[in-house]
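There are 2 protein chains.
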Amino acid sequence: MAADMEAARPLRADAERNRRRLIDAAAEAFAERGLDVSVAEIAKRAGVGQGTAFRHFPTKERLVAEIVRDRLTGLAAFGRELLEDSRREDPLLDFMRSLIELQVQDRGLAEGVGSSVLADPAVREAHLELLRTIELLVARGQEAGNVRTDISAVDVIVLTKGVAAASDPLCVVKPRIWRRYLDLVRDALRPESARPLSGRPPTRAELERGLAEHH
Amino acid sequence: MAADMEAARPLRADAERNRRRLIDAAAEAFAERGLDVSVAEIAKRAGVGQGTAFRHFPTKERLVAEIVRDRLTGLAAFGRELLEDSRREDPLLDFMRSLIELQVQDRGLAEGVGSSVLADPAVREAHLELLRTIELLVARGQEAGNVRTDISAVDVIVLTKGVAAASDPLCVVKPRIWRRYLDLVRDALRPESARPLSGRPPTRAELERGLAEHH
DNA sequence: ACCTGAACACCGTTCAAGT
DNA sequence: ACCTGAACACCGTTCAAGT
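Sequences listed follow chains A and B, in order.
By the numbering used here, the letter at position 46 of the first sequence is numbered 46, and the numbering carries on one by one without gaps.
In short: position in the second sequence from 1, add 1000, done, that's the numbering used here.
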């Protein structure tokens, strides 16, 4: 799961332990109650002083970034697994299902992607890795004739985010409603239904820039 | 635009003036910078003390609610205009365009719908009015053969919210990108592309309940 | 009746003092 | 090196004192 770029100098034993506790406590709290749980409460849950929290993560956003990065990396890895599993009929659709399911279950992740955490370099790198994986899945789907050819990986990310965001309020009362809207997206992506789309498709760079500048 | 249920007892002249100034200042500030502009700043922009702001709107949420209600009422009225204009080929699609465009232009509105302001009774009433208008538009579209028959007005609201939310980050760099995703939704809604959707469709009551309980 | 700014509780963030 | 809680600026909200 955790893909640290550089091991850097190892932390002192207690610091390392505190860091892990903070990440675990934050991941849990954010998933359950969204990103507006206070750092003070996360520190308390982790059993450390709140000063310690800000020593490890100089800003709350960096703490969020750490956790979002973990999730994105995990998703990219899962996407590559799907690509290697040759028995799957429609790996792209399976992947979109997982993307949405994770956003629906993890409120913090849903609030995190599309927030300014995407400006964080480590998060951007993980996001790019995810995009590249989706590009492979889209290409595969297009070769198999499952997916219209005027659709890109950026579109897939945008669409899954849309399904998750749109389903969000209804999910409290109908937890599986997102499947309905994923089904509609599936219908929209089939080659038979393709009619010309207006404007030029968004590029990878435009998405990255948009996410980073957003706010 | 403003559809006050009961005129009640009229306010003192200065109070009425302050109320209007607060609403105008808030509408402008929320549209530009989203819902997290402080009440203090809105009061300052309106030229009143911040105590006055809380006298007119006992909570920040009520101030937001007032503005969201105005927008929803305006949208419902516009929808009915579309229904009466017999020259339009696809009034539902035209209406979805306006729904999305407004959410993209007005950050406060986008953040407001789907937040807990929908718990406010006056907002719920305006929202219900909007839903009923969309139901007429959907029925019209289905009669004309433009729209698949397993789609409801609730779906339309959910989908437009999804398009607006998904396009949001990209809009900074490509302001018209939402048209692309509306085009995809248009393709998904055409009867020819219809394949069975999983689960039962969400009802009006479920949407209302979801929006109100959300948070 | 309505207006106002000072006061309160809570948040993110900083830092002097400890080990 | 790292930990800690008290301190600061800012937010939403309340309220005693004014007109």
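Ideal Cβ positions, reconstructed from N, Cα and C, are used throughout, including at glycine.
* Excluding the five sequence neighbours on either side, which residues of its own chain have a C-beta within less than 6 Å of the C-beta of B:L1170, listed in chain order? -> The beta carbon of B:L1170 is closer than 6 Å to those of I1177 in its chain, skipping five residues each way along the sequence.
* Three or more beta-carbon pairs under 8 Å between the stretch 1134-1150 of chain B and the stretch 1060-1073 of chain B, yes or no? -> no
* Using three-state DSSP, classify A:T52 as helix, strand or coil. => The DSSP-derived three-state label of A:T52 is helix.
* First through last residue of the alpha helix (DSSP H) which encompasses B:N1018 -> That run of the alpha helix (DSSP H) goes 1013-1033.
* **Within-8 Å CB hit, B:D1120 to chain A** => no
* To do: Give the straight-line distance between the Cα atoms of A:K174 and A:S167, rounded to the nearest whole angstrom.
  => Whole-angstrom Cα-Cα distance: 9 Å.
* Pick out whichever of B:D1120, B:A1025, B:V1048 has its Cα sitting closest to the Cα of B:V1037. => B:A1025
* Asked: Between A:R204 and A:V123, which are expected to be in contact by the criterion C-beta below 8 Å, what is the C-beta distance as a whole number of angstroms?
  -> Actually they do not touch by this definition, with Cβ atoms about 15 Å apart.
* Start and end residues, alpha helix (DSSP H) containing A:A165 -> 153-171
* Asked: Would you say A:A3 faces chain B, with C-beta separation under 8 Å as the test?
  -> For A:A3, the pLDDT reaches just 42, beneath the cut-off of 50, and the residue's location in the model is therefore unreliable, although a value from the coordinates is still provided. With 8 Å as the cut-off, A:A3 does not count as an interface residue toward chain B.
* **Whether B:A1029 touches B:R1045 by CB criterion (8 Å)** => yes
* Mapping DSSP to helix, strand and coil, what is B:V1064? -> In this structure, B:V1064 counts as helix in the three-state DSSP scheme.
* **Assigned exposure category for A:S193 - 16 Cβ within 10 Å defines buried** => buried
* If you pair each beta-carbon of the stretch 185-200 of chain A with each one of the stretch 120-135 of chain A, do three or more pairs fall below 8 Å? -> no
* To do: Would you please state the rounded distance, in angstroms, between the beta carbons of A:F54 and A:G79? I believe it to be under 8 Å.
  => Rounded, the Cβ-Cβ distance is 34 Å, inconsistent with contact.
* Asked: Nearest chain B C-beta to A:I67 closer than 8 Å, yes or no?
  -> Not one beta carbon of chain B lies nearer than 8 Å to the beta carbon of A:I67.
* To do: For A:L207, I'd like the list of residues in its chain whose CB is within less than 8 Å of its CB, leaving aside the five on either flank, ordered along the chain.
  => L131, V154, I157, V158
* Asked: By the 10 Å Cβ neighbour count, where 16 or more other Cβ atoms means buried, how is A:D120 classified, buried or exposed?
  -> buried
* Against chain B: residues of the stretch 176-187 of chain A by CB proximity under 9 Å -> R176, I177, R179, R180, Y181, L182, D183, L184, V185, R186, D187
* To do: Determine, using beta carbons only, whether B:D1036 comes closer than 8 Å to chain A.
  => At least 8 Å separates the CB of B:D1036 from every CB of chain A.
* Enumerate in chain order the residues of its own chain whose CB-to-CB distance from A:S152 is below 6 Å, with the five nearest sequence positions on each side excluded. => P201
* Under 8 Å between beta-carbons, which chain B residues line up against A:E206? List them in chain order, please. => Simply L1170, V1173, K1174.
* To do: Could you tell me which chain B residues have their CB closer than 9 Å to the CB of A:P202, listed as they occur along the chain?
  => L1170, V1173, K1174, I1177, R1180
* Where does A:P175 fall in DSSP's three states? -> In the structure shown, A:P175 sits in coil (DSSP, three-state: anything other than H, G, I, E or B).
* Asked: Between the C-alpha atoms of B:G1043 and B:Q1050, what's the straight-line distance to the nearest angstrom?
  -> Correcting the residue type first, residue 1043 of chain B is Ala in the shown sequence and not Gly. So the alpha carbons of these two residues sit roughly 5 Å apart.
* **Helix, strand or coil at A:E89 [DSSP, three-state]** => coil
* Compute the distance between the beta-carbons of A:R19 and A:H56, then report whether it is under 8 Å. => yes
* **Beta-carbon gap between A:R107 and A:A31 smaller than 8 Å** => yes
* Give the interface partners of A:S193 over in chain B, defined as CB-CB distance under 8 Å, in chain order. => D1187, A1188, R1190, E1192, S1193
* Check whether the Cβ atoms of A:A76 and B:G1162 lie closer than 8 Å to each other. => No, they are not a contact pair.
* Count the other CB atoms within 10 Å of the CB of A:K21; is the residue buried (16 or more) or exposed (fewer)? -> The sequence given here has Arg at residue 21 of chain A, not Lys. So A:R21 ends up on the buried side.
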